[in-house]
Amino acid sequence: MLTQDRASVGLIDVPGGRVFYRIVGQDAPGTPLLVVHGGPGLPHDYLEPLEALANARPVVFYDQLGCGRSDRPDDLSLFALPRYVEELDAVRRALGLTQLALLGQSFGALLCVEYLLRRGQEGVTRLVLSGPCLSAARFAADQRAHLTAMPQGVQDAVAAAEAAGDYDSDAYQAAVGVFYAKHVCRLDPWPECLTRAIEGMSLPCYLHMWGPSEFTLTGNLAGYDATPELGTITVPTLFTCGRYDEATPETTADFAARIPGARLTVIEDASHSHHLEQPARYLETVEAFLA
Numbered sequence: 005m006l007t008q009d010r011a012s013v014g015l016i017d018v019p020g021g022r023v024f025y026r027i028v029g030q031d032a033p034g035t036p037l038l039v040v041h042g043g044p045g046l047p048h049d050y051l052e053p054l055e056a057l058a059n060a061r062p063v064v065f066y067d068q069l070g071c072g073r074s075d076r077p078d079d080l081s082l083f084a085l086p087r088y089v090e091e092l093d094a095v096r097r098a099l100g101l102t103q104l105a106l107l108g109q110s111f112g113a114l115l116c117v118e119y120l121l122r123r124g125q126e127g128v129t130r131l132v133l134s135g136p137c138l139s140a141a142r143f144a145a146d147q148r149a150h151l152t153a154m155p156q157g158v159q160d161a162v163a164a165a166e167a168a169g170d171y172d173s174d175a176y177q178a179a180v181g182v183f184y185a186k187h188v189c190r191l192d193p194w195p196e197c198l199t200r201a202i203e204g205m206s207l208p209c210y211l212h213m214w215g216p217s218e219f220t221l222t223g224n225l226a227g228y229d230a231t232p233e234l235g236t237i238t239v240p241t242l243f244t245c246g247r248y249d250e251a252t253p254e255t256t257a258d259f260a261a262r263i264p265g266a267r268l269t270v271i272e273d274a275s276h277s278h279h280l281e282q283p284a285r286y287l288e289t290v291e292a293f294l295a
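Heads up, the sequence shown is in this note's numbering, so the first residue is 5 and it goes up one at a time.
This is the structure in structure tokens:
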């Protein structure tokens, strides 16, 4: 458990540098919740609504190496999943989280699952996977399916950029914006915590691990697929996704069916950022599960 005199913010030494952490509700009595952000390379700011969960437990956020207020090394070899698993373990050990619940969003869900598969499940009391990407190929395929429902001009701009290998064109960036407005965050304007996270994002990390956009997968995660091993997870698990999520309800339901006893909540009128679009519904669902 967290000690009473633990600072609410600080830096932790991890493989490759130091990462920033922040604890909300550090004196709350419940089992700590460690929040693992997505991206890859999108700092934790956009998950700030989860601070509300600190009424019953400490809520711990951290920025993964390369983004936000953590160190930003130039060595691209550090942007690899095994090192991020080591990093999560280092954060857990440094903060004394012998008992904890884990909540991962998007790539953070992938990282939580990989952590449990490679480092074991001891001491993890609950697992929340929101908008999960647990198979890179399936996630990319779902985005391709979403793309076919976009206006023809959007599809043409994406096809032209990919054929030319030019992802900086105005037409491609505009197409990405149309896609994101439907499947990443449907609020207009986007919440300040999300725009702040984007400002602190590590583009080199995202490009190296994923690619130039959500639907163009070229990075080192391209072959990732945890689905054959999901049945070995015994931690009580909650999946959440939005009706229009990049992590589609159909794919998320398939993941949930593979973990014994896992629950799934699909949040209506929401997408990948359903914790921002429907915060009351999301927090109520997660709070009930953690309790």
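All C-beta atoms, glycine included, are put in the ideal place defined by N, C-alpha and C.
Check, Outcome
"Whose C-beta lies closer than 8 Å to the C-beta of residue 166 among residues of the same chain, with five residues either side of it excluded?", "220"
"When we look at the beta-carbon of residue 11 and count the other beta-carbons within 10 Å, is it buried (16 or more) or exposed?", "Legend: pLDDT at residue 11 = 45, less than 50; position of this residue unreliable, value from coordinates given subsequently. The residue is exposed, with fewer than 16 neighbouring Cβ atoms inside 10 Å."
"Can the beta-carbon of residue 243 be found closer than 9 Å to that of residue 226?", "no"
"With distances taken from CA atoms, which of 36, 61 and 73 is nearest residue 206?", "73"
"I'd like the span of the alpha helix (DSSP H) that includes residue 176, first residue to last.", "174-187"
"Quick check on residue 105: does DSSP put it in helix, strand or coil?", "strand"
"Return the chain-ordered list of same chain residues with a C-beta closer than 7 Å to the C-beta of residue 66, the five sequence neighbours on each side being excluded.", "23, 24, 25, 48 and 95"
"Rank 135, 119 and 192 by C-alpha distance to the C-alpha of residue 237 and give the top, closest one.", "119"
"Is the region 123-131 touching the region 154-161 in the sense that three or more CB pairs, one from each, lie closer than 8 Å?", "no"
"Could you work out which residue in 43, 175, 187 and 81 is closest to residue 21 when comparing CA atoms only?", "81"
"Could you spell out the range, first to last residue, of the beta strand (DSSP E) harbouring residue 2?", "Any answer about residue 2 is impossible in this case: the structure gives the chain only from 5 up to 295."
"At which residues does the alpha helix (DSSP H) containing residue 117 begin and terminate?", "111-123"
"Could you tell me the distance, in whole angstroms, from the CA atom of residue 177 to the CA atom of residue 14?", "36 Å"
"Just to confirm the assignment: which complete beta strand (DSSP E) runs, minimum length 3, are found wholly within the region 33-74?", "37-40 and 63-66"
"So, with DSSP's three-state summary, where would you put residue 146?", "helix"
"Can you give the Cα-Cα distance for residue 229 and residue 174, rounded to whole angstroms?", "33 Å"
"Return the chain-ordered list of same chain residues with a C-beta closer than 7 Å to the C-beta of residue 103, the five sequence neighbours on each side being excluded.", "5, 35, 127 and 129"
"If you check the beta carbons only, do residue 209 and residue 68 fall under 9 Å apart?", "yes"
"For residue 282, which of 77, 270 and 293 has the nearest alpha-carbon?", "270"
"Among all the DSSP beta bridges, which residues are the ones paired with residue 206?", "DSSP lists no partner for residue 206."
"Going by alpha carbons, who is nearest to residue 106 out of 253, 186 and 57?", "57"
"Classify residue 275 as buried or exposed, calling it buried when 16 or more other Cβ atoms lie within 10 Å of its own Cβ.", "buried"
"State buried or exposed for residue 7, treating a residue as buried only when at least 16 other CB atoms are found within 10 Å of its CB.", "With a pLDDT of only 39 at residue 7, under the threshold of 50, the placement of this residue in the model should not be trusted, and no figure is reported."
"Does the Cβ-Cβ distance between residue 190 and residue 248 come in under 9 Å?", "yes"
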